Amino acid sequence: METPFWKTKTLEEMSPTEWESLCDGCGKCCLSKLEDEDTGEIYWTSVGCRLFDAESCRCADYANRLARVPDCVGLTPQNVRTISWLPSTCAYRLVAEGRDLYWWHRLVSGNAETVHEAGISMRGRVKASETDLAEPEDYFDYMLDDEP
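Going by full-length UniProt numbering, the final residue of the sequence shown carries number 148, and the count climbs one at a time with no gaps.
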């Protein structure tokens, strides 16, 4: 049996297809997060990006997301090593840290639904869209106690 590419390649060595396949479809990176200006601490919310499809846990316009959403962060091999808010379960983060993917990741399970079945994704857990909120203070009503 051949060793999976994420165990043999660095993030920089991956093809664009391999890179994109690392996304587990959890949708956590598409949630609005609040940062304490004094401490840098990140607070998660249950507010989804305006392009986030909460049922599929995918971007509704992935190809154009960076142009349509000014604060959308395109993940790269360089920045996944420095982004503090990447979820602890994120495959990009795990591979960058030399760790393996979880059993529910589609590349391991062979099924894109296992991330949802395992309760890891944001499917059914997004309570608002950023387009629903008028003021920055409105996000406080959707703060989560911990990373989802």
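Just so it is clear, CB atoms sit at the ideal spot from N, CA and C, and this is done for glycine as well. This one's a predicted model, so the numbers in the text were calculated from it and none came from an experiment.
Asked, Found
"Looking at C-beta atoms only, is the number of pairs between the segment 87-106 and the segment 2-13 that lie closer than 8 Å three or more?", "yes"
"Using alpha carbons as the reference points, say which of Glu2, Asp71, Pro70 and Leu86 lies closest to residue 153.", "As shown, the chain starts at 1 and ends at 148. That puts residue 153 outside it, with no answer to give."
"With burial defined as no fewer than 16 other Cβ atoms inside 10 Å of the residue's Cβ, what is the status of lysine 28: buried or exposed?", "buried"
"Is tyrosine 43 helix, strand or coil by DSSP?", "strand"
"Would you call the segment 43-53 and the segment 121-134 touching, i.e. three or more CB-CB distances under 8 Å?", "yes"
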